[in-house]
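Peer 1: Heads up: the first sequence at position 10 corresponds to 11 in the numbering used here, and the numbers run straight through without jumps.
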Amino acid sequence: MTVVTRIAPSPTGKLHIGTARTALFCKLFAQHMGGKYLGRIEDTDKERSTEENVQLIEQALDWLDLQPDEPWVYQSKHEARHKELAEKLLAEGKAYKCFATAEELEQMREEQRARNENPMYDNRWRERTDHPEGTAYVVRLKTDLEGYTSWDDIVQGHIDYPNTQIDDFIILRSDGSPTYQLAVVADDHDMGVTHVVRGDDHINNTPKQIMLYKALGFDVPHFAHMPLIHGEDGKKLSKRHGAVAAMDFKDMGYLKEALVNYMLRLGWSAGDLEKINYEEAIKLFELKDITKSPANMDIQKLNWLNGEYLKDMSPEAILEEIMPYLNTDLSTSAKERLLKGLPGLVQRENLLPNLAKAADIYIADSIELNEQAAQKLADADKDKLAELVSKLEQTPWEEDDLSATIKGFVKETGLKMPMVMMPLRAALVGTPQAPGVSELLIVIGKDESLNRLKAQF
RNA sequence: GUCCCCAUCGUCUAGAGGCCUAGGACACCACCCUUUCACGGUGGAGACAGGGGUUCGACUCCCCUUGGGGAUGCCA
Numbered sequence: 002m003t004v005v006t007r008i009a010p011s012p013t014g015k016l017h018i019g020t021a022r023t024a025l026f027c028k029l030f031a032q033h034m035g036g037k038y039l040g041r042i043e044d045t046d047k048e049r050s051t052e053e054n055v056q057l058i059e060q061a062l063d064w065l066d067l068q069p070d071e072p073w074v075y076q077s078k079h080e081a082r083h084k085e086l087a088e089k090l091l092a093e094g095k096a097y098k099c100f101a102t103a104e105e106l107e108q109m110r111e112e113q114r115a116r117n118e119n120p121m122y123d124n125r126w127r128e129r130t131d132h133p134e135g136t137a138y139v140v141r142l143k144t145d146l147e148g149y150t151s152w153d154d155i156v157q158g159h160i161d162y163p164n165t166q167i168d169d170f171i172i173l174r175s176d177g178s179p180t181y182q183l184a185v186v187a188d189d190h191d192m193g194v195t196h197v198v199r200g201d202d203h204i205n206n207t208p209k210q211i212m213l214y215k216a217l218g219f220d221v222p223h224f225a226h227m228p229l230i231h232g233e234d235g236k237k238l239s240k241r242h243g244a245v246a247a248m249d250f251k252d253m254g255y256l257k258e259a260l261v262n263y264m265l266r267l268g269w270s271a272g273d274l275e276k277i278n279y280e281e282a283i284k285l286f287e288l289k290d291i292t293k294s295p296a297n298m299d300i301q302k303l304n305w306l307n308g309e310y311l312k313d314m315s316p317e318a319i320l321e322e323i324m325p326y327l328n329t330d331l332s333t334s335a336k337e338r339l340l341k342g343l344p345g346l347v348q349r350e351n352l353l354p355n356l357a358k359a360a361d362i363y364i365a366d367s368i369e370l371n372e373q374a375a376q377k378l379a380d381a382d383k384d385k386l387a388e389l390v391s392k393l394e395q396t397p398w399e400e401d402d403l404s405a406t407i408k409g410f411v412k413e414t415g416l417k418m419p420m421v422m423m424p425l426r427a428a429l430v431g432t433p434q435a436p437g438v439s440e441l442l443i444v445i446g447k448d449e450s451l452n453r454l455k456a457q458f
């Protein structure tokens, strides 16, 4: 049997980070098993679904390289088939028409709540045959009244759900449209889905769906209910927590590789491995290794991972990532400096926007001193430093040699290290907050470095 | 209220009855390195929610309590 998984977002909002993680797990599992990973847009909620959200969801999945293996299936296009299935159940006596109005049912629930009971449909039309003519009705599934509906959940283990807790739920609305329960079951079956991987907020829907599978004569797929992601305070992830949409993380300057790795480790692990690239993940990923407890978002760890991935990238690739944050055109020499300087900068900053800011020192072709730099220069012994500059001029332009020259100079003059290094940094890049002087000299290059130094000393 | 699910350091997690003096990672603290800021290195602090069982022996199995999450829609 070939494994088929699916991601089924409903276009009522942007792609939630939790949904993105579900997509990751679905795709990884399918690839691990040599199966297929499909996608379906659950747009049966006509009130809230929008085409714009569909676009947004696809863009986010695209960014993360989590696009389905085949073109998207739109649930709304299968309405005819859903209806046909409901009619079949009706004809077989496995479902029935209910003529109760929404108001009537609301009142029923109100009374149940007043009696401290679990609000549930009371089966008032289950056995009635005195159907009124020309009145709107919904179609409800005739569910099992007693016993348990059970399944072996791949992540949660064996679950027994008492049938007394499940009412005769609606499968076809009064306007003839299918509800979610009917639509998922029908579509998952029609798409050949073998493993339903989704958030554990669907555990309560599962027994209903199993009943539907059975009533329809369909094979029941395997289920894997993974815990939801919570915010840093342990509460449900919401907009209050900042980022909830996958794309928010792109906007904040995270690398997709880092986000994917982070999502992977949220609720799943393989021994002590932390940094796992996608290819390794395919080999290692098993649904059964997903944790049962919910995970809290920890932005610090994401930051760390981002830095790890940044350090692995080529200067060219890093430059491409930070370009959007630079908001300026680069001169040829600036680009050259950036390419040389980025590997050093990346040791200091984990996030793209911060890195871009740090890269500022290499962008300008002419130096502009900030306040601190001006102070360091004002305090400096310019005559002595001028001697250093001419020594540097005679030194082979290699980091180690330059460093040796500077250290030797410091030793023989007896000057304090910072009294040498700080003014040098100031002269070189306009701020004392910069990488090591010898690193700066290399990045900026011999000619330009000497120009800048001689301008001050 | 009722039902379902969950429960190891601050956070992500390892742990499938003796390997646990509970391991790793992020964050934190100290020291080292050092040219500011970082990187790196070494070390430190830090958890089995509580109570009952079962067992020669429980982080691991069972029950209860507590806490958290979810469901209880003609939403998905």
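Don't be surprised by glycine CBs; every beta carbon is placed ideally from N, CA and C.
#1: Would you call the segment 165-179 and the segment 192-204 touching, i.e. three or more CB-CB distances under 8 angstroms?
#2: For Asp336, which residues of its own chain have a beta-carbon under 8 angstroms away from its beta-carbon, when the five flanking residues on both sides are left out?
#3: At which residues does the beta strand (DSSP E) containing Leu303 begin and terminate?
#4: Are three or more beta carbon pairs between the segment 425-432 and the segment 339-350 nearer than 8 angstroms?
#5: For Phe458, does the three-state DSSP call read helix, strand or coil?
#6: Over the uninterrupted alpha helix (DSSP H) stretch that includes Arg110, give me the two end residues.
#7: Hey, is the segment 91-106 in contact with the segment 44-61, meaning 3+ C-beta pairs nearer than 8 angstroms?
#8: So, at 7 angstroms on beta carbons, what are the nonlocal neighbours of Ile323 in its own chain, with the 5 sequence-adjacent residues on each side left out?
#9: Assuming Gly437 is part of the beta strand (DSSP E), what are its boundary residues?
#10: Under the rule that 16 or more other beta-carbon atoms within 10 Å means buried, what is Gly35, buried or exposed?
#11: Pull up the distance between the alpha-carbon of Thr414 and that of Ala456, whole angstroms please.
#12: Buried or exposed: where does Pro10 fall if 16 or more other Cβ atoms within 10 Å of its Cβ makes it buried?
#13: Quick one: what's got a C-beta closer than 7 angstroms to Ile283's C-beta in the same chain, skipping five residues either side?
#14: Quick one: what does DSSP say Ser367 is sitting in, helix, strand or coil?
#15: Mark Gly19 as exposed unless 16 or more other C-beta atoms lie within 10 angstroms of its C-beta, in which case mark it buried.
#16: Please state whether DSSP places Lys98 in a helix, a strand or coil.
#17: Would you report the Cα separation of Asn304 and Val74, rounded to the nearest angstrom?
#18: Out of curiosity, what's the CA-to-CA distance linking Arg241 and Leu183?
#19: Below 8 angstroms between beta carbons: does that hold for Ile204 and His190?
#20: Is Gly218 buried or exposed, if buried means 16 or more other CB atoms sit within 10 Å of its CB?
#21: Along the alpha helix (DSSP H) that carries Ile323, what are the first and last residues, could you check?
#22: The alpha helix (DSSP H) with Ile211 in it runs from where to where?
#23: Is the distance from the Cβ of Leu453 to the Cβ of Val438 below 8 angstroms?
#24: Checking the sheet assignment: what are the DSSP bridge partners for Phe224?
#25: On the three-state DSSP scale, how would you describe Ala9?
#26: Are the CB atoms of Gln76 and Asp44 within a distance shorter than 8 angstroms?
#27: Is it the case that the Cβ atoms of Lys143 and Arg125 are separated by a distance below 8 angstroms?
#28: What are the start and end residues of each continuous beta strand (DSSP E) run of 3 or more residues lying completely inside the segment 132-166, in chain order?
#29: Taking 7 angstroms as the cut-off, does the CB of Asp361 come closer than this to any heavy atom belonging to the ligand SAM?
#30: Within the same chain, show all residues whose beta-carbon is closer than 8 angstroms to that of Pro133, passing over the 5 residues directly before and after it, in chain order.
#31: With DSSP as the reference, label Lys276 as helix, strand or coil.
#32: Please determine, among Ile407, Gln376, Ile443 and Lys293, the residue with the shortest C-alpha to C-alpha distance to Asp154.
#33: What are the start and end residues of the alpha helix (DSSP H) that includes Gly232?
Peer 2: Per the coordinate set shown:
#1: With a cut-off of 8 angstroms, the segment 192-204 and the segment 165-179 do not count as touching, because too few Cβ pairs lie within range.
#2: For the sequence presented, residue 336 should be read as Lys rather than Asp. Scanning its chain for C-beta atoms nearer than 8 angstroms, with the 5 sequence neighbours on each side dropped, one finds around Lys336 the residues Leu320, in chain order.
#3: Careful: Leu303 lies outside any beta strand (DSSP E), inside the alpha helix (DSSP H) at Ile300 to Asp313.
#4: No, the segment 425-432 is not in contact with the segment 339-350.
#5: In this structure, Phe458 counts as coil in the three-state DSSP scheme.
#6: Counting along the chain, the alpha helix (DSSP H) containing Arg110 begins and ends at Ala103 to Ala115.
#7: Taking 8 angstroms as the limit for Cβ pairs, the verdict is that the segment 44-61 does not touch the segment 91-106.
#8: So the qualifying residues of the chain are Leu353, Leu356, Ala357 and Ala360.
#9: Boundaries for Gly437: no beta strand (DSSP E) harbours it, and the DSSP string shows neither H nor E there.
#10: That one is exposed.
#11: Computed Cα separation, rounded: 22 angstroms.
#12: The C-beta of Pro10 has 16 or more other C-beta atoms within 10 Å across all chains shown, which makes the residue buried.
#13: Hits under 7 angstroms: Leu29, Gln32 and His33.
#14: In the three-state reduction of the DSSP assignment, Ser367 falls in the coil class.
#15: When all chains shown are included, Gly19 counts as buried.
#16: The answer is strand: DSSP assigns Lys98 an E or B state.
#17: In a straight line, the C-alpha of Asn304 is about 35 angstroms away from that of Val74.
#18: Low per-residue confidence applies at Arg241: pLDDT is 49, beneath 50, and the placement is therefore not dependable enough to give any value.
#19: Result no, Cβ atoms of Ile204 and His190 do not sit closer than 8 angstroms.
#20: Looking at its Cβ environment, which holds fewer than 16 other Cβ atoms inside 10 Å, Gly218 is exposed.
#21: Start and end: Pro316 to Leu327.
#22: Looking at the DSSP string, the run of the alpha helix (DSSP H) that includes Ile211 is Thr207 to Leu217.
#23: Just to set this straight, residue 453 is Arg in the shown sequence, not Leu. No. Outside cutoff.
#24: Looking at the DSSP assignment, Phe224 forms a beta bridge with Val197.
#25: In the structure shown, Ala9 falls within a coil segment according to DSSP collapsed to helix, strand and coil.
#26: Yes, these two residues count as a Cβ contact at 8 angstroms.
#27: No; because the gap between Cβ atoms is not below 8 angstroms, this pair is not in contact.
#28: Listed in chain order, the beta strand (DSSP E) runs fully inside the segment 132-166 are 139-142, 149-154 and 158-163, counting runs of at least 3 residues.
#29: The ligand content of the structure shown is nil, which means the ligand SAM is not present either.
#30: Cβ within range, chain order: Phe100.
#31: Here DSSP, grouped into helix, strand and coil, assigns Lys276 to coil.
#32: Among Ile407, Gln376, Ile443 and Lys293, the Cα nearest to that of Asp154 belongs to Lys293.
#33: From DSSP, Gly232 is part of no alpha helix (DSSP H); its letter is neither H nor E.
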